[in-house]
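Everything in the sequence shown is counted per the numbering used here, starting at 1224 for the first residue and increasing by one. One structure below.
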Amino acid sequence: MQIIDNSDKSWDYFGKTNPYFGVITSEDFKQKNLNYDAKVKFFESGKNHIDRVMKIIHEHLVPDFKPNKALDFGCGVGRSVIPLASICDFVTGVDVSDAMLKEAEHNSQIKGLSNVEFIKSDDSLSKLSGKFNFIHSYIVFQHIPPNRGKLIVQKLINLLEYNGVGVLHFTYNRNSSKVLKVLYWARKSVPLFNSFLNLILKRPFNYPIMQMNEYDLGQLFQLLQKNDCHHTYVHFSRHSSGITNTDGVIIFFKKQSVPYW
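Here it is in structure tokens:
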């Protein structure tokens, strides 16, 4: 199936028009509703997420793990970078949207952070150098077509130090009606269909699709296995939009060679 929607251009559009809603699709975080309290709530959710991530790592992977040099892939406006900066020596956030990166830099300056940097992403992660002992990505890969996403996962694993920890989130199943599935396919694949649907819904003509892609878990686990990421733990996730439930997994893994059983 040919996909005519460009997820990178779509994400840049959301970064320019609705950056916080683009990260968490709640009415509270739409640009028209965004105020001080909403921003506080937004960044508290990021801190709570990182706290849960670290708790799971300590309980199920590495009891004494400390992230020193961290990479947050798909950092958006800095929701995870900011809490990571409080527990890491240095944090790098990467994102495909220039507007998101600009807002993330602004948020880090407000917090007075000096141990963070933000870098424009591409599928080869060509602007990144060195190794990281912690690599994180949450609610990001679902917006990237799997054929591209799997190549990025390989690049991320290559950037992870041995004995380092990775935490990557993927969606693998959408519970929605056949009508909604056909409608979503048409929006991604039929020229101008999404634009005319926007007019019906009274949205801007060029309002893009927020892609929701499903990954083959077998392929992901095979990728981890062949790259010495044998020590793993899986936590299930579920996101609901009211009419659709999306099932996902957060894969925690340590890059460490171990003998096969």
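Glycine residues also receive a C-beta, built at the ideal position from the N, C-alpha and C atoms.
Residue(s) in a DSSP beta bridge with residue i
i        : result
Lys-1343 : Asp-1318
Gly-1238 : Note: Gly-1238 sits in no beta bridge, so no partner.
Ser-1460 : Gly-1471
Asp-1295 : Gly-1316 and His-1359
His-1392 : Ile-1473
His-1454 : Lys-1477
Cβ-based burial, residue i [other Cβ within 10 Å; buried from 16]
i        : result
Lys-1350 : exposed
Gly-1335 : exposed
Gln-1332 : exposed
Asn-1468 : exposed
Glu-1326 : buried
Asp-1346 : exposed
Phe-1459 : exposed
Asn-1356 : buried
Gln-1225 : For Gln-1225, the pLDDT reaches just 47, beneath the cut-off of 50, and the residue's location in the model is therefore unreliable, although a value from the coordinates is still provided. With fewer than 16 Cβ atoms within 10 Å of its Cβ, Gln-1225 is classed as exposed.
Val-1304 : buried
Phe-1252 : buried
His-1392 : buried
Nearest residue (CA-CA) to residue i, options the options
i        : options                                   : result
Pro-1431 : Ile-1380, Gln-1442, Lys-1411 and Glu-1437 : Lys-1411
Ser-1480 : His-1458, His-1462, Asn-1229 and Asp-1451 : Asp-1451
Asn-1256 : Asn-1241, Phe-1266, His-1359 and Glu-1267 : Asn-1241
Thr-1248 : His-1366, Asp-1295, Thr-1455 and Ile-1310 : His-1366
Val-1363 : Pro-1414, Cys-1298, Asn-1396 and Asp-1346 : Cys-1298
Ala-1293 : Pro-1368, Gly-1389 and Ser-1418           : Gly-1389
Asp-1287 : Phe-1266, Gly-1387 and Val-1339           : Gly-1387
Lys-1401 : Asp-1235, Ser-1268 and Ile-1466           : Ile-1466
Phe-1341 : Asp-1439, Ser-1320 and Leu-1424           : Ser-1320
Asn-1396 : Tyr-1438, Met-1433 and Lys-1425           : Tyr-1438
Leu-1324 : Leu-1374, Val-1246 and Val-1457           : Val-1246
Cys-1311 : Glu-1282, Ile-1358 and Phe-1266           : Ile-1358
Pair within 7 Å by beta-carbon distance, residue i and residue j
i        : j        : result
Lys-1262 : Ala-1322 : no
Asn-1330 : Gly-1301 : yes
Phe-1475 : Leu-1348 : no
Val-1317 : Leu-1307 : no
Asn-1421 : Phe-1428 : yes
Phe-1296 : Ser-1360 : yes
Thr-1394 : Gly-1441 : no
Phe-1265 : Tyr-1236 : no
Contact with chain C by residue i, beta-carbon distance below 7 Å
i        : result
Phe-1419 : Of the protein chains in this structure there is only one, and it is not chain C.
Problem - Sufficient close CB pairs (3 or more, under 8 Å) joining the segment 1438-1455 to the segment 1267-1281 - result: no
Practice task
Please confirm if the segment 1375-1386 is in contact with the segment 1401-1417, defined as three or more CB-CB distances below 8 Å between the two stretches.
Solution key: no
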